[in-house]
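*Asks:* Be aware that the sequence shown starts at 971, since it is given in the working numbering, and climbs by one per residue.
Heads up, the beta-carbon is just placed ideally off N, CA and C, and yes, glycines get one too.
Quick caveat: nothing in here was measured; it's all calculated off a predicted structure.
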Amino acid sequence: MDCIFCKIANKEIESAIIYEDDSVIAFNDLNPQSPIHFLVIPKEHISSANDINEDNKEIIGHIFCVINKLAKDKGFDKDGYRIVNNIGKDGGQSVNHIHFHVLAGRSLQWPPG
Ligand code: AMP
């Protein structure tokens, strides 16, 4: 499958990896929207939140545990941050491998555009 995030997970293309374990990888976003902006993805290909099901749901909880750990390690847990998951065309998803944006380091606005 020609998926850029599968290629990042398989180290076929380079990325700025900040965390990795058996099932998850986190790397800095190429086009950061805040002083801290990284993506957390499952190594397993899941296209979007539309494809979360009883068989793969545990990885999502694990991803949130990883984000929690990284927030504490990097020290932005107390000031706060945002986790974003875009789904499909109207959600603004441009890469069809589920990913969670983690944005931190500035006061973020709401609502989104
Ligand atoms: P989304 O629009 O929610 O699908 O987000 C995709 C994100 O992936 C964007 O913020 C891009 O900047 C980011 N991105 C695309 N290609 C790469 C890459 N090779 N390395 C790091 N981030 C990437």
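1. Using the C-alpha atoms, what's the distance from histidine 1069 back to asparagine 1055?
2. I want to see whether chain D comes within less than 7 Å of tyrosine 989, judged by CB atoms only; does it?
3. Please output, in chain order, the residues near the ligand AMP using a CB cut-off of less than 5 Å to any non-hydrogen atom of the ligand.
4. Exposed or buried, what is phenylalanine 997 when buried is set at 16 or more other beta-carbons lying within 10 Å of its beta-carbon?
5. Look up isoleucine 995 in the DSSP assignment and give the residues it is bridged to.
6. By the three-class DSSP mapping on this structure, what secondary structure does phenylalanine 1070 have?
7. CA-CA distance, asparagine 1023 and glycine 1031?
8. Are the region 1009 to 1026 and the region 1073 to 1082 touching, with three or more C-beta to C-beta distances below 8 Å?
9. Label phenylalanine 975 either buried or exposed according to how many other C-beta atoms from any shown protein chain fall within 10 Å of its C-beta, with 16 as the threshold for buried.
10. Taking only the alpha-carbon atoms, compute the straight-line gap between isoleucine 983 and proline 1081 and give it to the nearest angstrom.
11. Relative to the C-alpha of histidine 1071, which residue among Ile995, Gly1045, Met971, Asp1025 is closest?
*Replies:* Quick answer:
1. Cα to Cα, asparagine 1055 sits roughly 6 Å from histidine 1069.
2. Reference to chain D is not applicable here, since this structure consists of a single protein chain.
3. Residues flagged by the Cβ proximity filter: Ser985, Asp999, Leu1000, Asn1001, Asn1056, Gln1063, Ser1064, Val1065.
4. So phenylalanine 997 ends up on the buried side.
5. As computed with DSSP, isoleucine 995 is found in a beta bridge with Glu990, Ile1011.
6. Strand, per DSSP.
7. Those two C-alpha atoms are separated by around 12 Å.
8. In this structure the region 1009 to 1026 does not lie against the region 1073 to 1082, because fewer than three pairs of beta carbons, one per stretch, are closer than 8 Å.
9. The residue in question, phenylalanine 975, is buried, as its Cβ has 16 or more Cβ neighbours within 10 Å.
10. In this structure, the CA atom of isoleucine 983 is about 34 Å from the CA atom of proline 1081.
11. When each option's Cα is compared against that of histidine 1071, the closest is Ile995.
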